[in-house]
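Just below is one structure, and these are the notes that go with it.
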Amino acid sequence: MNMAKIEEGSRCYVLELPKIPKNIEEMIIIRCWLEQLFKCSFDRVYFFKNLFNPQIINLLFDNNNKTIPLKFNIQKPALSTDNKIFKNVLNFCLNHLSVSEFIDIDFRSVNITEEHTNILFNILINEGNKFPKIYLMGFRLTTLYNYIEEV
-4 MNMAKIEEGS
6 RCYVLELPKI
16 PKNIEEMIII
26 RCWLEQLFKC
36 SFDRVYFFKN
46 LFNPQIINLL
56 FDNNNKTIPL
66 KFNIQKPALS
76 TDNKIFKNVL
86 NFCLNHLSVS
96 EFIDIDFRSV
106 NITEEHTNIL
116 FNILINEGNK
126 FPKIYLMGFR
136 LTTLYNYIEE
146 V
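Under our numbering, the residues of the sequence shown are numbered -4 to 146, in order.
What follows is the structure, encoded as structure tokens:
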């Protein structure tokens, strides 16, 4: 586990935590970091093919009783996904991000299927109001754009 500045004089940090905790000690450390991060607000955070697993967050805070909102407060989060973590990224966005300006999601590494398009469309229609603005980037989103135009 490591937290480091990107370069001297920079206000940017990189937090490295294990993807899957191996023992109770690692779980306690991850929970401690998450508690601190949930209490902060950030201008920009970049999650590029890495993010906090929503299932791990729920497991670590199972008895939370909503005393700590399990959301990262980020003005302009940017996320990048691929086929492997597509659903986790969307779940994470919907349940663990509080966005004040816009959310930017890069789908260029995703082989967009009809199922992906339907999931994205349903999220935009039913839960899109959770985000002030949504920017989607990808080469294969034409069908999604067509669905949106029809509404």
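Note that beta-carbon positions come from the ideal geometry of N, C-alpha and C, so glycine has one too.
| Tell me which same chain residues have a C-beta within less than 7 Å of the C-beta of ASN90, skipping the five on either side of it? | If we look at ASN90 and ignore the five residues flanking it on each side, its Cβ neighbours are PRO49.
| query | Nearest to ASN68 by CA position, among TYR130, LYS82, LYS125, is which residue? | reply | The residue among TYR130, LYS82, LYS125 with its C-alpha nearest the C-alpha of ASN68 is LYS125.
| field | Beta-ladder partner(s) of PRO72, from DSSP | value | The secondary-structure analysis by DSSP pairs PRO72 across a beta bridge with VAL40.
| Alpha carbon to alpha carbon, how far is CYS35 from SER5? | Distance between the alpha carbons of CYS35 and SER5 is about 18 Å.
| task | Note down, in chain order, each residue of its chain lying with its Cβ closer than 6 Å to the Cβ of ILE129, except the 5 sequence neighbours on either side. | result | If you ignore the 5 residues before and after ILE129, its C-beta comes within less than 6 Å of the C-beta of ILE98, all in its own chain and listed in chain order.
| field | 8 Å contact criterion, which PHE102 and LEU46 should meet: CB distance rounded | value | Under the criterion of beta carbons closer than 8 Å, PHE102 and LEU46 do not qualify as touching, at roughly 15 Å.
| task | Under the assumption that VAL105 contacts ASN141 (Cβ atoms under 8 Å), give the Cβ distance between them as a whole number of angstroms. | result | Taking 8 Å as the upper bound for CB-CB distance, VAL105 and ASN141 are not in contact here, some 18 Å apart.
| query | For THR112 versus LEU85, is the C-beta distance shorter than 8 Å? | reply | In this structure, LEU85 does not lie closer than 8 Å to THR112 by Cβ.
| request: Measure how close the beta-carbons of LEU119 and ILE143 come, nearest whole angstrom, since I'm counting them as under 8 Å. | output: The Cβ separation is near 7 Å, so the contact holds.
| said: Pop quiz: ILE51 and LEU65 are said to be a contact at Cβ under 8 Å. What is the actual Cβ separation, rounded to whole angstroms? | reply: LEU65 and ILE51 do not touch by the CB rule: their CB atoms are close to 11 Å apart, not below 8 Å.
| task | Have a look at ILE114 and VAL40 and give me their C-alpha separation to the nearest angstrom. | result | ILE114 and VAL40 have their C-alpha atoms some 24 Å from each other.
| message | So, at 6 Å on beta carbons, what are the nonlocal neighbours of ALA73 in its own chain, with the 5 sequence-adjacent residues on each side left out? | response | If we look at ALA73 and ignore the five residues flanking it on each side, its Cβ neighbours are TYR41, ASP99.
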